[in-house]
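Student: Letter by letter, the sequence shown follows residues 551 to 658 of our numbering.
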Amino acid sequence: MKDRTTLFLIGVALALAAVAWNMGGSSLALAGLASGGRILLSVVPLLLAAFLIAGLIQVLVTQEMVTRWLGTESGWRGIALACLGGAIPRPLSQCHHAVPTNCAHLDG
Numbered sequence: 551m552k553d554r555t556t557l558f559l560i561g562v563a564l565a566l567a568a569v570a571w572n573m574g575g576s577s578l579a580l581a582g583l584a585s586g587g588r589i590l591l592s593v594v595p596l597l598l599a600a601f602l603i604a605g606l607i608q609v610l611v612t613q614e615m616v617t618r619w620l621g622t623e624s625g626w627r628g629i630a631l632a633c634l635g636g637a638i639p640r641p642l643s644q645c646h647h648a649v650p651t652n653c654a655h656l657d658g
């Protein structure tokens, strides 16, 4: 495992497990693992669908098509398509609840 991000996240997970164990013993640590497992099970179908869609788009949409639709020669049509693509709302994603954030004040 040479990926530093993966190693970092494993280290954080182990550190948090140690803190949970220290604060509440094995029951608290296992409750945290169970909670994480439930979150994982809730997002697996979404991730599977997203990766299947991404793979299919990758083989169906060629580099030439992207250049033609969004490149410098596409003009206003390319700008409009890019804006539409960027305007896809976040609530369409069912897994935005999986990562806790401190942005509740932004939702109104």
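Think of the CB as a built atom: it goes at the ideal place given N, C-alpha and C, for glycine as much as any other residue.
Counting only the same chain and skipping the five closest in sequence on each side, list residues whose C-beta sits under 8 Å from that of A567.
Tutor: A579, G582, L583
Student: With C-beta atoms as the reference, is G628 less than 7 Å away from L634?
Tutor: Cβ atoms of G628 and L634: not closer than 7 Å.
Student: Tell me whether I638 sits in a helix, a strand or coil according to DSSP, three-state version.
Tutor: coil
Student: Tell me which same chain residues have a C-beta within less than 8 Å of the C-beta of L631, skipping the five on either side of it?
Tutor: W619, L620, S624
Student: Look up V611 in the DSSP assignment and say whether it is helix, strand or coil.
Tutor: coil
Student: According to DSSP, is G574 part of a helix, a strand, or is it coil?
Tutor: Reduced to three states, the DSSP call for G574 is helix.
Student: In three-state DSSP terms, what is G586?
Tutor: helix
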